[in-house]
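Asker: I'd like to ask some things about the structure below.
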Amino acid sequence: MKVLVPVEDDFVAKSQIEFLLSYKWPAGTEIRLVHVLHTLIVERSMVSSQVYLDKLMKEARKYAEELMSTIEKTLKKESPEIKVSREFVEGAPVEEIVNLAAKWESAMIVLCSHGREGLGQLILGSVSYNVLVHSPCKVIIVGLPHHERGQGDPSEWKDARVQVTIK
């Protein structure tokens, strides 16, 4: 089974790692971590803006490589029977994730939703929703932690995770 795991940042990756380690994967499962760096389209009227953009892209790529390396090591340590690889691509996240899933013949995509609502979702769009709609395979959307409000001190509230299997 081939599983594509788009990772964005360490905050959302924690939920994905937790899910991946809790799932009973069949023998021969391959997990491919992918980070899509959204390419910025800007007017480049000054050399300094290009220099700044290049530096920003280089730092973003370094962060993504370090993040994927950490996730890869964690998965290999906890589940050594699973083959883990990683890939870095630049482009529009939805398009790149869907295309990579088709090209790699993924059986499943495991991604995380920020859970944005209202205006935030309207303005920013929803990568997870659009991947779900256009995906050539099954999609599991893992939710970010939220808190179930308990009685008393907020430090005693329980973490709760929402995991939604769709498609």
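Add 1065 to the 1-based position in the sequence shown for our numbering, that's all there is to it. Built from N, CA and C at the ideal position, the CB exists for glycine as well.
Among L1176, V1196, C1202, which residue has its Cα nearest to the Cα of A1078?
Answerer: Working through the sequence shown from its first residue, we reach residue 1078 at position 13. The candidate whose alpha carbon is nearest that of A1078 is L1176.
Asker: What distance in whole Å lies between the Cβ atoms of T1094 and V1116, which are believed to be in contact at a cut-off of 8 Å?
Answerer: For the purposes of this step, residue 1116 is taken as the residue at position 51 of the sequence shown. For the purposes of this step, residue 1094 is taken as the residue at position 29 of the sequence shown. Not quite, the Cβ-Cβ distance comes to about 43 Å (not below 8 Å), so this is no contact.
Asker: Below 8 Å on the Cβ atoms is my guess for V1163 versus V1192; work out the distance and round it to an integer in Å.
Answerer: Residue mapping note: residue 1163 aligns to position 98 of the sequence shown, counting from 1. Residue mapping note: residue 1192 aligns to position 127 of the sequence shown, counting from 1. Rounded, the Cβ-Cβ distance is 10 Å, inconsistent with contact.
Asker: In this structure, what does DSSP give as the bridge partners for P1071?
Answerer: Residue 1071 sits at position 6 when you count from the first residue of the sequence shown. Answer by DSSP bridge pairing, in chain order: V1099.
Asker: Would you decide whether S1134 is buried or exposed? Buried here means 16 or more other CB atoms lie within 10 Å of its CB.
Answerer: Position 69 of the sequence shown, counting from 1, holds the residue named residue 1134. Label assigned to S1134: exposed.
Asker: Measuring alpha carbon to alpha carbon, tell me which residue in V1198, V1070, L1102 is nearest L1118.
Answerer: The residue you call residue 1118 lines up with position 53 of the sequence shown. It is L1102 whose Cα lies nearest to the Cα of L1118.
Asker: How about S1080 and V1207: are their beta carbons less than 7 Å apart?
Answerer: On the sequence shown, position 15 is the one that residue 1080 refers to. On the sequence shown, position 142 is the one that residue 1207 refers to. Yes; because the gap between Cβ atoms is below 7 Å, this pair is in contact.
Asker: Terminal residues of the continuous alpha helix (DSSP H) containing K1168?
Answerer: Position 103 of the sequence shown, counting from 1, holds the residue named residue 1168. That run of the alpha helix (DSSP H) goes 1158-1169.
Asker: How many angstroms separate the CA atom of V1072 from the CA atom of P1091?
Answerer: In the sequence shown, the residue the question calls residue 1072 occupies position 7. In the sequence shown, the residue the question calls residue 1091 occupies position 26. Those two C-alpha atoms are separated by around 22 Å.
Asker: If you drop the 5 nearest sequence neighbours on each side, which residues of the same chain put their C-beta closer than 7 Å to that of E1130?
Answerer: Position 65 of the sequence shown, counted from the start, is the residue given in the question as residue 1130. Counting only Cβ-Cβ distances below 7 Å, and skipping sequence neighbours, we find F1153.
Asker: Would you tell me roughly how many angstroms separate the C-alpha atoms of G1156 and S1178, rounded to the nearest one?
Answerer: The sequence position of residue 1156 within the sequence shown is 91, counting from 1. The sequence position of residue 1178 within the sequence shown is 113, counting from 1. Cα to Cα, the separation comes out at about 19 Å.
Asker: Classify E1170: buried if its beta carbon has 16 or more other beta carbons within 10 angstroms, exposed otherwise.
Answerer: The count along the sequence shown starts at 1 and reaches residue 1170 at position 105. E1170 comes out exposed.
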